[in-house]
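Protein chains in written order, with our numbering: chain A, 14 to 590; chain B, 9 to 701. In this text, a Cβ means the ideal position worked out from N, Cα and C, and glycines have one as well. A short write-up of the structure that comes next.
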């Protein structure tokens, strides 16, 4: 049945709203700040037979848009394989990162939605729980070699059977977490979100009828595919290749290659990751589903109008070999998946920039920098501070990159320093933009940041999980690379020792008054630095985003320390090239 | 005797909007009302105000009170036209304003940029540091402040913000710096973060205080001009300014805290909406303000508007002061309709705004907008456009544009395309209403829609059907709702102070004296203005949370200031928190401690209200005289012969059956064929489904 275009547009809005309302329900009822504040969660409607994304909420974490269909597929496969019969009110729960995507912290709830006695679609909810066991509180363990060191792994099991809760499962989950109360609250929020989705979808189907809503979903899928295909067909046919690197896997200090050969043929795109390194020992592996989800994130950053449904991926073919670090299975550790998917996104931008620089941008800072500090207060109580840090975004066709932004895979904000200082015995001694960190270019990369933290109590340990310590964020279209991630701590050698694995380290011992210092990458530049307007370079020098030494070296601009441009000498220098 | 207090009987509400300055007059002696509408004067809003008042009030000496909702602050922020401002801050932290909370403007797309309102060279560091517990880690040398100030003055700074880390916990260093600056700064445009917002969260405090400093010169100058102009005309009364939270404050307060006017204008509209709704028996409503580029909704539940703790005026421009919570979506009259590459009809986010505006304005835009669709469908009178700026609207051009951009790509008839635009726009607006009501845990069926502003009433009927609202209420004068809101707004004093203590460690005696001191300060501030109150009320709230959480809930303490010593204790605070938490989240956490983050003291001076029925229709009106003609309106695929009424002359109790158009100078109401409208005693039009009345 072909729907009239108005009804289609109206139903699109109503369906998206159901997913948005599910998001809103969880955000306001979640107990843990990773969901409540950083919105590390997602909800949607998924195909009854294939698990494909039909509609997904707009306010959830970008990377889940794409990963969740694999989670739903996992339930569908289990039901088929075990010849189970689903009933209204059933809810599955699991956190398997290999089939369902991302990492162990993300718990997925999947509920069949019945209409007129048949499964119309699945509703699903995913949220990042505060603690799921494992060796490191908060589950960012940079030296894990198996998933068992990262937390508990729950396969799809029935949390609710025909609406009746199996509380044994909650007991098992709670006894495996350092924060059982938080887990219980988040779980309830997710259940409420699914209930609300069920209610709203039922209303919608009663109002419009099953056939019409089904037709709308089919047409929305076609329309998304058509939209994506139309963008692709505007790109010149050919193969565009990029390679980027992870510093190491935290276990062996060898770079790991992320390589993409992106081919365009007509309105089809192939993403071939065959030349990528094979699975590694440490926790920077990701699963197949996570890899596809991160490609989707990159596409959505480039083609912002494409909707969140599976149709978008129709014109796209993936080649991801099964021995690749982008396609691992149990028990390979995946806790640091954020670093790897940031790199996947970076190679996407780099490939697209070769065929269409006008829609791409320099790479963003490309590391999550999960830093934790922990110790005991004078009164003997334990404290753990855990946070992610920011960096610069890439230069882009419309201007310089954003200073101190968040990672492309998330929309999370950083907690206020005053809250951190009030909660933990630490003192920030510097919180500043980092000069010369943005990659040079016609449009400069945004600046990364400097964070320096002093310990106020007698003793503490610090842990860091970061990247981009050896390979800076690349620029595009002639733009230069942003500065490297740099972390220093006091050791027996000197006050500013860097970790052997550059940005990954466990168990740094700190004494009162000692400081750790994190300097994060800026973004990559866009276009040749020699095309940058010298007056902008002078402004940058005056404001301290760029030093006058770099103005000379990178931009061929003669600028005094206080930012005064020497026009004559600059012209001379630039003419010489 | 002219100018005698007895003679000053008129209270005047003034709302300055983008296009018009609206004035509402209330004569407190005889209860009569009047309105005036004049074009806004953008270079100096005070000129338009004087002109508007002069329209109905010969002598300014007869005015006792002028209450003003202003957009001077909003515009200065949006257009970045505040003063050149400097910041003096803690060593190591000059980039707080620019680093924000590490966010980005849009979820999708990485092309954001951000230019802070104070550039990096105007942010000067001094060596000082306070710890989170208030300990002075590094004392401040006043000489350093002098040097920093001199640098800023040399760079041309007009105003200055003092922002030190953890000053919420101990304001000593900021106070020292303030004293130094008072001596040497060439004017009084000095904002001190511990005075503007003594609340934990450095970026929010820095941003709010800096924006305050940025607005001090322009708002100060504006208020001076306004005051001088009015006094010259013989005005001897008091001027009050509407704050973003819907309460009013004195001119002196506005001069010191201009950032509190960031959403002054829209707030007054919501306050009026709440009062009109309450009077008419609808305490639960959703106000809908449809402008040229946006559709703003706000929830009023049980007669009270919802307040948000903060807002972003623009990306990275965070203002943290309590303000009426308004949700905006990009669906206004000027929103452009298009068909995307996937073949889907979309409304917005692009907008033609008010200039060049819709195609039918004939000012250069050729892409169809929501207004164009309304014109083509016959819902807007093309020969009598609202506002009187244009003589007539170009229906033909609007039709051609819809044909080309919508009908052809979708392969449908042009009238169907025009109707499609309205339906999709309605669906989008309905979505905004659903989300604000659901997010607040409200059931939309218990709410009525209240459109105000120029455009909303055309869509109100459709919205109640789309969302499942019970009714829509169109106020008698939708175009001057904000000005009316000014007249009835209460005077309000807000102060927040961070306590940050675990509940069991809370020092009750200290808290009591702090509450009393703040309440005194508030009452003093209220009594400084020459304003009558029916009563003064003090509310005490604590922002509280469970240990480990980051989101607080605002806990209203069920106590009275007079008996605070005997009633305030830990048990009472705990149970107040648990009640609020349970209401908000439906459950409690067991065995987890609680924290008191902030103390909020709110002092409200209730201003006398007036009976809205004086706005109502006169007893002599009759529907016969109201009917002014008829025209064809397109609805659900057909032309309907539709009666047109002069809305303001409809008698009380009159029921009008759809399809009908109700016209008045500042708006047009469309009743769908399946709707009807009834005039209540206040002159409001209550729209509902036909079979439900």
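Nearest candidate by alpha-carbon position, reference residue i, set the options
i: residue 421 of chain B; options: B:176, B:98 and B:642; result: B:642
i: residue 382 of chain A; options: A:515, A:302, A:65 and A:140; result: A:515
i: residue 282 of chain A; options: A:132, A:246, A:96 and A:256; result: A:246
i: residue 25 of chain A; options: A:449, A:257 and A:217; result: A:217
i: residue 202 of chain A; options: A:56, A:279 and A:97; result: A:56
i: residue 44 of chain A; options: A:503, A:200 and A:308; result: A:200
i: residue 51 of chain B; options: B:27, B:388, B:386 and B:609; result: B:27
i: residue 173 of chain B; options: A:233, A:211 and A:441; result: A:441
Straight-line Cα distance separating residue j from residue i
i: residue 223 of chain B; j: residue 80 of chain B; result: 9 Å
i: residue 701 of chain B; j: residue 664 of chain B; result: Model confidence at residue 701 of chain B stands at a pLDDT of 44, short of 50, so the residue's coordinates are unreliable; what they give is reported in the following sentence. Rounded to whole angstroms, residue 701 of chain B to residue 664 of chain B spans 12 Å at the Cα level.
i: residue 371 of chain A; j: residue 257 of chain B; result: 50 Å
i: residue 107 of chain B; j: residue 417 of chain A; result: 6 Å
i: residue 481 of chain A; j: residue 522 of chain A; result: 23 Å
i: residue 390 of chain B; j: residue 170 of chain B; result: 55 Å
i: residue 374 of chain B; j: residue 398 of chain B; result: 17 Å
i: residue 544 of chain B; j: residue 496 of chain B; result: 15 Å
i: residue 86 of chain A; j: residue 286 of chain A; result: 23 Å
i: residue 354 of chain A; j: residue 77 of chain A; result: 12 Å
i: residue 619 of chain B; j: residue 689 of chain B; result: 11 Å
i: residue 237 of chain A; j: residue 340 of chain A; result: 26 Å
i: residue 649 of chain B; j: residue 639 of chain B; result: 6 Å
i: residue 465 of chain B; j: residue 416 of chain B; result: 30 Å
i: residue 475 of chain B; j: residue 135 of chain B; result: 57 Å
i: residue 557 of chain B; j: residue 446 of chain A; result: 29 Å
i: residue 117 of chain B; j: residue 409 of chain B; result: 30 Å
i: residue 277 of chain A; j: residue 177 of chain A; result: 50 Å
i: residue 10 of chain B; j: residue 47 of chain B; result: With a pLDDT of 39 at residue 10 of chain B, under the threshold of 50, the modelled position of this residue cannot be trusted; read the value that follows with caution. Taking the straight line from one Cα to the other gives about 30 Å.
i: residue 58 of chain B; j: residue 335 of chain B; result: 32 Å
i: residue 569 of chain B; j: residue 522 of chain B; result: 12 Å
i: residue 659 of chain B; j: residue 685 of chain B; result: 12 Å
i: residue 388 of chain A; j: residue 472 of chain A; result: 6 Å
i: residue 470 of chain B; j: residue 230 of chain A; result: 25 Å
i: residue 256 of chain A; j: residue 84 of chain B; result: 47 Å
Identified DSSP bridge partners for residue i
i: residue 567 of chain B; result: Per DSSP, none; premise fails for residue 567 of chain B.
i: residue 630 of chain B; result: Residue 630 of chain B pairs with nothing; no bridge assigned.
i: residue 444 of chain A; result: A:464
i: residue 378 of chain B; result: Bridge partners of residue 378 of chain B: none, in fact.
i: residue 313 of chain B; result: B:308
i: residue 253 of chain A; result: A:275
Exposure label - residue i; buried when at least 16 CB within 10 Å
i: residue 91 of chain B; result: buried
i: residue 94 of chain A; result: exposed
i: residue 580 of chain A; result: exposed
i: residue 591 of chain B; result: exposed
i: residue 312 of chain A; result: buried
i: residue 413 of chain B; result: buried
i: residue 17 of chain A; result: exposed
i: residue 228 of chain B; result: buried
i: residue 141 of chain A; result: buried
is_contact[residue i, chain C] using C-beta, thresh 8 Å
i: residue 30 of chain B; result: You won't find chain C in this structure, because its protein chains are A and B.
Using 8 Å as the Cβ pair cut-off and three pairs as the minimum, do the stretch 342-362 of chain A and the stretch 250-268 of chain A touch? yes
Between the stretch 344-356 of chain B and the stretch 276-288 of chain B, can you find at least three pairs of beta-carbon atoms closer than 8 Å? no
May I ask you to verify whether the stretch 213-223 of chain A touches the stretch 152-160 of chain A, counting CB pairs closer than 8 Å and requiring at least 3? no
Specify whether the stretch 547-562 of chain A and the stretch 496-509 of chain A touch according to this definition: at least 3 beta carbon pairs, one from each stretch, less than 8 Å apart. no
Between the stretch 602-613 of chain B and the stretch 494-512 of chain B, do three or more beta carbon pairs fall short of 8 Å? yes
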